[in-house]
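Data first, discussion second: the structure below is written as structure tokens.
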Amino acid sequence: MTSCLTFSISKLVYFTPVLLGVTRNRPLLAFTSNSLCKRGTVSTNGDCSKWWERLLSASDPDTEKLVQNNVEIHEDFLSLEEHESLLAEIEPYLKRLRYEYDHWDDAIHGYRETERKQWNDSNTKILDRVKSVAFQPSEVPLPFVHVLDINKDGYIKAHVDSVRFCGRAIAGLSLLSESVMRLVCEKDKSKSGDILLLPRSLYILRDKARFDYTHEVLPDKTSMFKGKHIPRSRRISVISRLEVKQ
1 MTSCLTFSIS
11 KLVYFTPVLL
21 GVTRNRPLLA
31 FTSNSLCKRG
41 TVSTNGDCSK
51 WWERLLSASD
61 PDTEKLVQNN
71 VEIHEDFLSL
81 EEHESLLAEI
91 EPYLKRLRYE
101 YDHWDDAIHG
111 YRETERKQWN
121 DSNTKILDRV
131 KSVAFQPSEV
141 PLPFVHVLDI
151 NKDGYIKAHV
161 DSVRFCGRAI
171 AGLSLLSESV
181 MRLVCEKDKS
191 KSGDILLLPR
201 SLYILRDKAR
211 FDYTHEVLPD
221 KTSMFKGKHI
231 PRSRRISVIS
241 RLEVKQ
């Protein structure tokens, strides 16, 4: 589910789901303050809070600490209008594509995708804001933004992104459905963390969260968070990436 997926998976890891979450058909949360907080927090109604207290379910203290230090969730990053603006630009193209069920390395099921370099003025401003929040001024974003559309029955299997194709951080805007992203430690499969990704939120994965843990988007049947089912419908990710340092 994340952006270097189509071209950059170096390894797939399969395991039995452990933790499992509440969604609406096309859930758009009421617009709240879009102000951004310092790293490691989210903005909700203008107040900053520790996002992991509500949006993370970790199996152990080590994973919880690693996620806090290597993952950011900005809830309500997009306004309702910005969410619809992105959809309005990408939907006409996506509708011309078929959902695919056979990925070259069996990593994604029920998906269609594209990469876009040119965006309209409004959406360019949104993506510039993503990059300013997610990346350091010295880091160079890839010019193409990855758009990944997963249908209701689709999912992304556990994988680790290859360092050959994109850099130390990726930043994804979540459109349409709520979903659960699972991180699992490569060296110790008993260590895992489930993150609830809400529509209009921005997630950022950096460093150890990208390369020491696999990540995946759970299918509907195992889409659970803190014991509650999170119904999965169609989900679109708009993902910005960094160039690989030479």
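The UniProt record's numbering applies: residue 1 is where the sequence shown begins, and numbers increase by one.
We put the CB at the ideal spot given by N, CA and C, even for glycine.
Original post:
Leaving out five residues before and five after Arg235 in sequence, what residues of the same chain have Cβ atoms less than 6 Å from its Cβ?
Top reply: Within the sequence shown, residue 235 is the residue found at index 235, counting from 1. Same-chain partners within the cutoff: Ile150, Leu176, Ser177, Ser179.
Original post:
DSSP on Val145, reduced to helix/strand/coil?
Top reply: Start at 1 with the first residue of the sequence shown, and residue 145 comes out as number 145. DSSP places Val145 in strand when its eight states are reduced to three.
Subject >> Exposure label - Thr214; buried when at least 16 CB within 10 Å >> reply: Taking the sequence shown and counting its residues from 1, the one referred to as residue 214 is at position 214. With a 10 Å radius around the Cβ and a threshold of 16 neighbouring Cβ atoms, Thr214 comes out buried.
Original post:
Going by DSSP, what residues sit across from residue 250 in a beta bridge?
Top reply: In the structure as shown, the chain begins at 1 and stops at 246. Residue 250 is therefore absent and cannot be evaluated.
**OP:** Could you pull out every unbroken alpha helix (DSSP H) segment of at least 4 residues lying fully inside the stretch 52 to 100, listed in chain order?
**Re:** Restricted to the stretch 52 to 100, the alpha helix (DSSP H) segments that are unbroken, complete and at least 4 residues in length are 52 to 55, 61 to 70, 80 to 94, listed in chain order.
Original post:
Beta carbon of Asp220, beta carbon of Asp153: below 9 Å?
Top reply: By one-based count along the sequence shown, residue 220 stands at place 220. By one-based count along the sequence shown, residue 153 stands at place 153. Yes.
**OP:** Return the chain-ordered list of same chain residues with a C-beta closer than 6 Å to the C-beta of Ser223, the five sequence neighbours on each side being excluded.
**Re:** Here residue 223 corresponds to residue number 223 of the sequence shown, with the count starting at 1. Taken in chain order, the residues that qualify are Val180, Ile230, Arg232.
**OP:** Count the other C-beta atoms from every protein chain shown that fall within 10 angstroms of the C-beta of Arg168, then say buried if there are 16 or more, exposed otherwise.
**Re:** In the sequence shown, residue 168 corresponds to position 168, counting from 1. Taking all protein chains in view, the Cβ of Arg168 is crowded by 16 or more other Cβ atoms within 10 Å, so the residue is classified as buried.
**OP:** For Lys191, count neighbouring C-beta atoms within 10 Å of its own C-beta (all shown protein chains included) and say buried if the count is 16 or more, exposed if not.
**Re:** As a working mapping, residue 191 is identified with position 191 in the sequence shown. Lys191 counts as buried, since at least 16 other C-beta atoms from the protein chains shown sit within 10 angstroms of its C-beta.
Original post:
Nearest to His109 by alpha carbon, out of Phe225, Leu218, Glu243, Val244?
Top reply: For the purposes of this step, residue 109 is taken as the residue at position 109 of the sequence shown. Check the Cα spacing between His109 and each of Phe225, Leu218, Glu243, Val244: the tightest is with Leu218.
**OP:** Could you tell me which residues DSSP puts in a beta bridge with Ser240?
**Re:** By one-based count along the sequence shown, residue 240 stands at place 240. Paired residue(s): Ala171.
Subject >> Among Lys226, Val130, Arg241, Ser237, the one whose alpha carbon lies nearest that of Glu91 >> reply: Against the sequence shown, residue 91 aligns to sequence position 91. Measuring from the Cα of Glu91, the nearest candidate turns out to be Ser237.
Subject >> For Gly193, the residue or residues it bridges with in DSSP >> reply: Reading the sequence shown from its first residue, position 193 is the one you call residue 193. Gly193 pairs with Ala58, Leu183.
Original post:
Run through DSSP, which three-state label would Val160 get?
Top reply: Working through the sequence shown from its first residue, we reach residue 160 at position 160. It is a strand residue.
Original post:
What did DSSP end up calling Leu127 once you bin it into helix, strand or coil?
Top reply: Taking the sequence shown and counting its residues from 1, the one referred to as residue 127 is at position 127. Three-state result, Leu127: helix.
Original post:
Skipping 5 residues on each side, what residues in its chain have a beta carbon closer than 6 Å to that of Ile156?
Top reply: Your numbering for residue 156 matches position 156 in the sequence shown. Annotation for Ile156: Met1, Ile108, Glu216, Val217 place their beta carbon closer than 6 Å to its own, counting only its chain and skipping 5 residues before and after.
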